[in-house]
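Visitor: Please see the structure below; I have some questions.
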Amino acid sequence: MGASGASTQLIFFISAIIVSSVVVATASRSVFDLSNGIDDRSEIVKDQLSTEIEIINDPTAVPNDPVLIYVKNVGRSSLNQNLTTVMLDGVAVSGATMTLTGSQTSYWEPTSVLTVSINQDLASGDHTVTVTTENGASDQFDFRI
C-alpha cells in the first residue's frame, strides 16, 4: 500500500495545486478589474472637482435679441465648448452660438471666457439661464429684461 498511498497523495497534491491556481487567477482578475474601475472613477471625480464655471454678466444689463451670456472658466480643467449645455427658462437651447475669447486653442481653457449667443427675443420680465459643462459643473444666472 506504500506506493499506492503515495500515488494517491501525489494526485491529490497536484489537484490541489491546479484548483488553487485557478482560484488565484480568477481572484486576481477580479481585483484587477476592481482596481481599474476605481482608477477610472477617481479620474472622473478629479475632473469634476477641478471644473468650475461662473456666469459673469451684469444682471441689470443683459443684451436681448440676441441674448448674450458670458461664462468664465474659473476652474483648473480645459473644457470642450461643444459639450456645453445651455438652458434658458428651463428649456434646452439648441441653436446657441459659442465663441471663445482669451484662448488660443479650440478648447475652453482656464481663465478664458465663452460668449453664448442665443438668437431669441425675450419678453419683458424675469429669466433664468443655466450653463452646464461636460463634467456636470454648472452655474445659473437670473436676469430681467
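The sequence shown: position 125 = 130 (the numbering used here), numbered continuously. Yeah, the Cβ is synthetic: ideal placement off N, Cα and C, and Gly gets one too.
Comparing alpha-carbon positions, which option in Ser-129, Thr-137, Ser-143, Thr-138 lies nearest Val-72?
Guide: Counted from its first residue, the sequence shown places residue 72 at position 67. Val-72 has its Cα closest to that of Ser-129, out of Ser-129, Thr-137, Ser-143, Thr-138.
Visitor: Taking 8 Å as the threshold, find out whether the region 26-38 comes into contact with the region 100-120 through three or more Cβ pairs.
Guide: no
Visitor: Hey, could you find the ends of the beta strand (DSSP E) Glu-57 is sitting in?
Guide: Within the sequence shown, residue 57 is the residue found at index 52, counting from 1. Segment: none, Glu-57 is in no beta strand (DSSP E) and carries neither H nor E.
Visitor: So which of Phe-148, Val-29, Gly-95, Ile-123 has the shortest CA-CA distance to Met-103?
Guide: Numbered from 1 along the sequence shown, position 98 holds the residue referred to as residue 103. Selected option, being the one with the closest Cα: Ile-123.
Visitor: Where does Asp-63 sit, in a helix, a strand or coil, going by DSSP?
Guide: Along the sequence shown, one-based indexing puts residue 63 at 58. It is coil, neither helix nor strand.
Visitor: Quick test of the definition: if touching needs 3 or more C-beta pairs under 8 Å, does the region 39-54 touch the region 86-105?
Guide: No contact exists between the region 39-54 and the region 86-105.
Visitor: Under 8 Å by Cβ, that's how I've got Thr-106 and Thr-138 pegged, so tell me the actual separation to the nearest angstrom.
Guide: Here the question's residue 106 lines up with position 101 in the sequence shown. Here the question's residue 138 lines up with position 133 in the sequence shown. Rounded, the Cβ-Cβ distance is 17 Å, inconsistent with contact.
Visitor: If we cut at 7 Å on Cβ distances, does Phe-17 have a partner in chain C?
Guide: The displayed structure is made up of one protein chain only, and chain C is not part of it.
Visitor: My parser needs the alpha helix (DSSP H) runs of 4 or more residues fully inside the region 110-138; what are they?
Guide: none
Visitor: Which first and last residues belong to the beta strand (DSSP E) in which Asp-147 is found?
Guide: Within the sequence shown, residue 147 is the residue found at index 142, counting from 1. Unbroken beta strand (DSSP E) run through Asp-147: 143-149.
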